[in-house]
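What follows is a set of notes on a single structure, which appears directly below.
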Amino acid sequence: MKAYAISALMKIYAFEVAAGRKVDMLPECQSLIEELLASHSTDLQQRAYELQALIGLDAQIVETIMPRDESCEDIEVIAANSGIFSY
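Quick note on UniProt numbering: the sequence shown kicks off at 1 and runs consecutively.
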């Protein structure tokens with residue numbers, strides 16, 4: 001459940017910042033981030049660190065990292081890297 005929560009926070013934060021709105025993190029959200037930074041789950045820790053890093057970035061960089069309107073576009077596999085799928 002915490003993974004869903006931190007992912008949702010990241011998406012909401014990125015959307016608002018990329019739209020040019022100022023976002024103040026609620027104390028409850030900040031508390032969750034701090035809790036997850038010390039989590040025994042490396043997945044939750046990573047998500048929390050990513051959100052913490054995202055919070056300090058410029059809106060243009062956030063838009064580049066997490067685009068609002070391209071989330072459903074197909075990703076093209078580069079032929080030079082196709083060897084990684086041979087397992």
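Every residue, glycine too, gets a C-beta built ideally from N, C-alpha and C.
Supposed contact pair residue j and residue i - C-beta distance, whole angstroms, cut 8 Å
i     : j     : result
Leu9  : Cys29 : 6 Å
Ala59 : Gly20 : 6 Å
Cβ shell of residue i (< 8 Å), same chain only, five flanking positions each side left out
i     : result
Leu51 : Ile6, Leu9, Met10, Tyr13, Ile33
Buried versus exposed call for residue i [16 or more other C-beta atoms within 10 Å across all chains shown]
i     : result
Ala48 : buried
Val23 : exposed
Leu26 : exposed
Ala18 : buried
Residue range of the unbroken alpha helix (DSSP H) whose run includes residue i
i     : result
Lys22 : Looking at the DSSP string, Lys22 is not in any alpha helix (DSSP H), and its letter there is neither H nor E.
Cutoff 6 Å; reference residue i; Cβ partners in own chain excluding five residues on either side
i     : result
Gln45 : Ser39
Met66 : Ala14
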